[in-house]
Amino acid sequence: MVGAGFLGTELAAAARPMGLEVTVIEPEPVPVRRPFGDRIGALVAELHRDHGTRLRCGVPVHRLRGAGGRVTGVDLGGGTTLPADVVVLALGAAPATGWLEGSGLRLGDGVGCDASGSTQPATPPPGPMRTSAPACGWSIG
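Add 19 to a position in the sequence shown, counting from 1, and you land on the number used in this note's numbering.
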């Protein structure tokens, strides 16, 4: 697994109970660092290790190796190559907010919103927005 954000950590967590060997490679020092920071990321790392997932954090991926049309390994920074039968790329995305420069909206890692999901000036977020998820028992705002 290349990437230890939401998708990478969830896929790793789902693969382990199926008996699959999983190594997660993440260039950040801990998983899910961007949304949660170092402290929560360290707890997530510990949880994954406790369930048998191997973590390689703070390490970049340089390239994938292959032969005969199949992946055979992952070259990491520092010269290490990990053997691999399957590689899942869960690399995330960066918000494209350049076109909003000068709009008066608060920009950062996306468009800044208040607790109700509205931007300032009061512009509703684009597209449908669900403010609760009854099946999960949580709500936003």
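Beta carbons are placed, not taken as given, at the ideal position from N, Cα and C, and that holds for glycine.
Please read all numbers here as calculations on a predicted model, not as lab measurements.
DSSP has residue i in a bridge; who is on the other side?
i	result
D69	None; D69 has no bridge partner.
D94	R82, T100
G129	G127
I44	V21, R75
R52	For R52, which the question treats as bridged, DSSP gives no partner whatsoever.
R35	DSSP lists no partner for R35.
R89	A86
Can you tell me which of the three DSSP states residue i falls into?
i	result
G156	For G156, the predicted structure reports a pLDDT of 39, less than 50, and the residue's modelled location is therefore unreliable. The matter cannot be settled from this model.
L108	strand
T162	In the structure as shown, the chain starts at 20 and stops at 160, and residue 162 therefore has no counterpart that could be examined.
Going along the chain, which residues of its own chain have a beta-carbon closer than 6 Å to the beta-carbon of residue i, five neighbours each way excluded?
i	result
P79	P46, G96
G71	R35
P102	G92
L124	V130, T138
R73	T42
Take residue i and list the residues in its own chain whose beta-carbon comes closer than 7 Å to its own, dropping the five residues that flank it on each side.
i	result
L30	M20, V107, A109
G22	E45, L108, A109, L110, G111
A61	V49
G87	none
Looking at the C-beta of residue i, does it have a partner C-beta in chain C at a distance below 8 Å?
i	result
L124	The displayed structure is made up of one protein chain only, and chain C is not part of it.
Do residue i and the ligand PLP come close, with the Cβ less than 7 Å from some heavy atom?
i	result
T72	Ligands are entirely absent from the displayed structure, and the ligand PLP is therefore not among its contents.
Go through its chain and collect everything with a Cβ distance to residue i's Cβ below 8 Å, but skip five positions before and after it.
i	result
E120	L126
G77	E45, P46, E47, P48
D57	P48, V49
G98	none
T28	V43, P50, V51, V63, H67
A32	H67, H70, T72
Under 8 Å by Cβ, that's how I've got residue i and residue j pegged, so tell me the actual separation to the nearest angstrom.
i	j	result
R82	T42	The pair is not a contact, with the Cβ atoms about 16 Å apart (cut-off 8 Å).
T100	R84	7 Å
When you compare the segment 115 to 125 with the segment 50 to 65, are there three or more beta-carbon pairs, one atom per stretch, that lie closer than 8 Å?
Output reads no: the segment 50 to 65 does not touch the segment 115 to 125.
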